[in-house]
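Scroll down for the structure; my scribbles are underneath it.
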Amino acid sequence: MFKSKRLLALTIILVMAASMFFTGCSKKEEVAQETGKVEVDVFQFKVEIAKELENAARDYEAEHPDVKINIQTVGGGDDYGAALKARFQSGNEPDIYNVGGPQDLKDWTSKLEDLSNEPWVEKALDGVLSGATMDGKVYALPFNIEGYGFVYNKGIFEAAGIDPTKIVDYASLEEAVKTLDGKIKAGELKEKYPTLEAVFEYAAKETWVTGLHTSNVALSQEFPSSLDAYNSKNVEFKYGDSLKKIIDLQADYSSNGKTRAKLNAVDYSTQVEQGLAIERVAIIQQGNWVYGGVKSIDEKVADNLAILPMPVVGAKEDSIPVGVPMHWAINKDSDDASKAAAKDFLNWLYTSEKGKDYVVNKFYFIPAFKGYENFEPQDSLGKAVKAYAEAGKTVPWVFMGYPTGWGMDMLGANIQKYLAGEMTWDELIKDSQERWTKERS
Amino acid sequence: MKTSKGWFSIFVGPILFAFIVVVIIPMFMGVYYSFTSWNGINNNATWVGLKNYVEIFTEDKEFLDVFLFTAKFAIVSVISINLIGFLLALLVTKGLKVSNFLRSAFFLPNLIGGLILGFIWQFIFTKGFDAVGAKLGIEFLRGWLADTQTGFWGLVILMSWQMSGYMMVIYIAALQNIPDSLLEAAEIDGAGSFEKLIHITIPLVAPAFTIGLFLTLSNSFKLYDQNLSLTGGGPYNSTQMLAMNIYNTAFKFNDFGLAQAKAVIFLITVAAISITQIYYSKKKEVEM
Chain C
2 MFKSKRLLAL
12 TIILVMAASM
22 FFTGCSKKEE
32 VAQETGKVEV
42 DVFQFKVEIA
52 KELENAARDY
62 EAEHPDVKIN
72 IQTVGGGDDY
82 GAALKARFQS
92 GNEPDIYNVG
102 GPQDLKDWTS
112 KLEDLSNEPW
122 VEKALDGVLS
132 GATMDGKVYA
142 LPFNIEGYGF
152 VYNKGIFEAA
162 GIDPTKIVDY
172 ASLEEAVKTL
182 DGKIKAGELK
192 EKYPTLEAVF
202 EYAAKETWVT
212 GLHTSNVALS
222 QEFPSSLDAY
232 NSKNVEFKYG
242 DSLKKIIDLQ
252 ADYSSNGKTR
262 AKLNAVDYST
272 QVEQGLAIER
282 VAIIQQGNWV
292 YGGVKSIDEK
302 VADNLAILPM
312 PVVGAKEDSI
322 PVGVPMHWAI
332 NKDSDDASKA
342 AAKDFLNWLY
352 TSEKGKDYVV
362 NKFYFIPAFK
372 GYENFEPQDS
382 LGKAVKAYAE
392 AGKTVPWVFM
402 GYPTGWGMDM
412 LGANIQKYLA
422 GEMTWDELIK
432 DSQERWTKER
442 S
Chain H
4 MKTSKGWFSI
14 FVGPILFAFI
24 VVVIIPMFMG
34 VYYSFTSWNG
44 INNNATWVGL
54 KNYVEIFTED
64 KEFLDVFLFT
74 AKFAIVSVIS
84 INLIGFLLAL
94 LVTKGLKVSN
104 FLRSAFFLPN
114 LIGGLILGFI
124 WQFIFTKGFD
134 AVGAKLGIEF
144 LRGWLADTQT
154 GFWGLVILMS
164 WQMSGYMMVI
174 YIAALQNIPD
184 SLLEAAEIDG
194 AGSFEKLIHI
204 TIPLVAPAFT
214 IGLFLTLSNS
224 FKLYDQNLSL
234 TGGGPYNSTQ
244 MLAMNIYNTA
254 FKFNDFGLAQ
264 AKAVIFLITV
274 AAISITQIYY
284 SKKKEVEM
């Protein structure tokens with residue numbers, strides 16, 4: 002009796018240990034064999050579209066019964082790059098994943114499938130493939146184009162008697178900001194906008210806002226494209242003073258204007274949801290992606306938003322940065338059937354009528370491809386970005402060409418030090434230059 | 004004797020096996036990777052010898068700062084956690100009516116995950132403190148986590164809040180092991196409650212102090228999730244602790260070799276500090 006109990010315990014333990022070991026291995030192949038379906042694993046970062054992308058995949062499956070698409074999303078506040086690396090290191094490699102620009106392309110070069118012969122390549126808008134091209138070959142499909150600038154509340158400007166169409170350079174922007182600031186402090190707008198307390202809110206805690214987006218405005222005047230930034234051995238900060246002006250303007254006229262160090266605790270949600278959306282501030286430096294977040298809080302505010310240029314004194318003053326935030330890439334080491342299905346899925350998503358409808362009307366993307374004449378952006382900020390793009394008043398996104406980690410973890414951290422008074426502007430420039438050169442050597 | 008061997012393989016065997024697979028083997032693999040330059044993506048890692056170690060000690064100024072910050076944090080939080088934990092244990096063993104309720108209340112923070120705790124306290128520090136500060140006009144309460152000092156104390160407060168309850172449980176067990184006869188004898192001899200505490204209680208709970216110090220010391224050094232969710236290392240990486248610095252080196256700068264070398268140094272230091280601490284605390288223990 003006693004012996005059989007012991008035997009039972011031993012067996013249970015062995016079974017448990019064994020099952021721990023053998024699950025997880027080769028699950029995908031098993032499923033494929035059982036159902037005869039081709040499986041495509043997608044690992045993507047855009048949380049905003051996660052649900053709609055899932056629906057798109059189901060629609061695609063309905064048209065292609067032999068394909069199964071599994072979508073996994075890691076992003077938003079989470080570190081997609083790290084999660085992706087962990088996923089690859091675990092041996093459970095996805096078939097479709099996302100890459101940024103030239104630096105990512107270089108890092109992932111051993112895992113990228115050449116997509117030069119895909120049908121969508123010819124349909125791409127001018128210049129949008131520059132971040133996805135390496136040695137003349139196209140390796141990735143641009144998600145969409147996005148633009149950012151000074152997103153402002155038209156109603157507040159109107160109430161303060163400022164004409165936004167007159168803001169075309171730094172001088173006029175500064176004047177408008179000062180007028181607005183004066184009126185807020187004098188309490189003239191109290192009646193109509195009781196929560197309004199400052200002109201700007203600046204999310205210095207988010208190093209992507211400062212280190213990538215703000216810095217890009219000046220550095221895109223130095224490097225014509227992200228590829229040039231990527232190939233550059235050093236950074237000059239030719240328009241460093243103009244960059245300082247843009248940062249100072251946003252910091253000085255924010256709610257923490259007098260205690261600038263405290264800006265380092267302001268995060269994205271404070272800036273967008275507890276700033277712009279509740280009309281606590283009039284202007285924030287963000288892009289068309291904030292539309293959804295603002296809309297979920299106050300639809301009226303969201304539809305009353307537009308974008309002001311980000312003026313770089315001495316260079317282009319009336320433009321906003323427009324670029325490709327992320328690309329779809331296909332894993333070179335996946336099996337052929339999965340690769341073929343993955344290519345077809347991406348092509349379907351961006352070139353079929355059904356796919357286009359998803360891209361524009363469900364994801365709220367501004368497409369990076371031709372052939373979208375019947376699909377106009379629906380939201381106020383998408384329209385604003387499109388208007389800038391059509392008028393040619395754009396500068397490129399070059400931060401994808403910064404050395405790995407330089408923009409967010411070095412420059413962004415330095416800007417925090419500058420705001421806290423721990424570092425002078427000259428030290429910031431010098432330190433950032435040195436680190437760029439070191440990373441590139 | 005023979006049966007005990009059988010039981011050993013049944014109960015310890017699986018754990019030992021798992022421990023070897025998930026701790027010991029990866030540790031040796033990690034030591035190997037610390038001698039390579041690997042970006043975490045390619046399948047092959049090139050051997051570079053001691054280059055990574057040399058770089059840590061010559062070029063990487065940040066690592067030293069991070070190390071000092073972590074050490075400072077560890078010292079302050081070890082003291083505060085154990086002190087608070089011990090005082091709480093004394094409080095709840097006094098035989099108050101609400102002791103049982105208090106025990107659960109103090110222990111509760113331990114049941115919440117570190118990440119969530121970090122976000123809760125982030126809200127308290129940035130929004131709650133700010134609102135109170137604005138209402139009462141206390142400038143000190145505003146802008147918490149925006150500079151290094153408040154970030155540091157924020158982390159200490161968070162950790163003390165989380166871990167004191169756990170330490171309390173350990174100290175309660177030790178306190179209840181002290182025979183009442185000893186305390187009564189001391190009382191008859193005319194000792195006051197402070198003298199009893201110093202001369203009887205504290206020496207007799209010394210073994211618990213050994214454990215408590217060890218747990219808090221190693222936990223403070225290894226802290227990652229609370230650090231990530233509370234401050235994220237910001238502002239300007241000044242509240243970054245060792246584990247986070249290693250993670251960032253690996254995953255943000257794609258330098259897995261260097262990160263692994265840092266991790267090896269980290270392992271050796273934490274092990275050395277913990278072993279020394281245990282050795283000295285053990286000496287202080289008295290046998291009953």
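So the sequence lines, in the order shown, correspond to chains C and H.
Every letter in the first sequence is one number past the one before it in the working numbering, and letter 44, counting from 1, is 45.
Every letter in the second sequence is one number past the one before it in the working numbering, and letter 161, counting from 1, is 164.
Ideal placement from N, C-alpha and C gives every residue a C-beta, glycine not left out.
Counting along the chain, the unbroken beta strand (DSSP E) around Asn99(C) starts and ends at 97-100.
Of all residues in the segment 39-51 of chain H, those with a C-beta nearer than 7 Å to a C-beta of chain C are Asn42, Gly43, Ile44, Asn45, reading in chain order. Within the segment 102-170 of chain H, the complete alpha helix (DSSP H) segments at least 4 residues long are 102-110, 117-126, 132-139, listed from N- to C-terminus. Within the segment 110-121 of chain C, the residues whose Cβ lies closer than 8 Å to some Cβ of chain H are Ser111, Lys112, listed in chain order. DSSP, reduced to helix, strand and coil, places Asp380(C) outside both helices and strands of the structure shown, so it counts as coil.
An exposed status is given to Tyr282(H), since fewer than 16 other beta-carbon atoms sit within 10 Å of its beta-carbon.
For Leu218(H), the uninterrupted alpha helix (DSSP H) run begins and ends at 209-225, by DSSP. Note on Met171(H): 16 or more other CB atoms within 10 angstroms of its CB, so buried under the neighbour-count rule. For His65(C), the three-state secondary structure derived from DSSP is coil.
At least one C-beta of chain C is nearer than 8 Å to the C-beta of Asn240(H).
Chain-ordered listing is empty here: chain H has no CB closer than 7 Å to the CB of Thr196(C), the nearest sitting near 14 Å.
In the structure shown, Tyr351(C) adopts helical secondary structure according to DSSP, grouped into three states. DSSP, reduced to helix, strand and coil, places Ile181(H) outside both helices and strands of the structure shown, so it counts as coil.
Shown here is that no member of the segment 205-232 of chain H has a Cβ falling below 8 Å from a Cβ of chain C. Look at the beta carbons and you see the segment 58-72 of chain H not touching the segment 131-150 of chain H: under three pairs across the two are nearer than 8 Å. Within the DSSP secondary-structure output, Asp42(C) pairs in a beta bridge with Asn71(C). CA-to-CA, the gap between Leu412(C) and Ala83(C) works out to about 20 Å. Leu67(H) sits in a helix when the DSSP states are folded into three classes. Going by beta carbons, Asn248(H) and Lys265(H) fall inside the 8 Å limit. Chain C has no Cβ within less than 8 Å of the Cβ of Lys54(H).
Ser107(H) and Leu233(H) have their alpha carbons spaced roughly 25 Å apart.
Within its own chain, the residues whose Cβ lies closer than 8 Å to the Cβ of Ile160(H), once the five positions on either side in sequence are excluded, are Trp124, listed in chain order.
The Cβ neighbour count for Leu213(C), taken over all protein chains shown within 10 Å, is at least 16; the residue is labelled buried.
Pro195(C) sits in coil when the DSSP states are folded into three classes, being neither helix nor strand. Secondary structure note for Ala141(C): it is in no alpha helix (DSSP H), and the uninterrupted beta strand (DSSP E) holding it is 141-143. For a Cβ distance threshold of 7 Å, nothing in chain H lies close to Phe400(C): the least Cβ distance comes to about 15 Å.
Non-local C-beta neighbours of Tyr169(H) in its own chain, meaning closer than 6 Å and more than five positions away in sequence, comprise Asn113, ordered along the chain.
Taking a C-beta cut-off of 8 Å against chain C, the contacting residues of the segment 128-149 of chain H are Thr129, Arg145, Gly146, Trp147, Leu148, Ala149, listed in chain order.
Residue contact check for Lys97(H) against chain C: no CB pair falls below 8 Å. Looking at the DSSP output, Glu147(C) bridges to Gly324(C). Phe238(C) sits in coil when the DSSP states are folded into three classes, being neither helix nor strand. Contact check for Phe376(C) against Lys355(C) fails: the beta carbons are separated by 8 Å or more. Proximity of Gln90(C) to chain H, defined by a Cβ-Cβ separation below 8 Å, is satisfied. Cβ contact annotation for Gln165(H) (same chain, cutoff 7 Å, sequence separation greater than five): Pro112, Asn113, Leu120, in chain order. The shortest C-alpha to C-alpha distance from Ala414(C) to any of Tyr81(C), Thr211(C), Phe400(C) is the one to Thr211(C).
Taking all protein chains in view, the Cβ of Val24(H) is surrounded by fewer than 16 other Cβ atoms within 10 Å, so the residue is classified as exposed.
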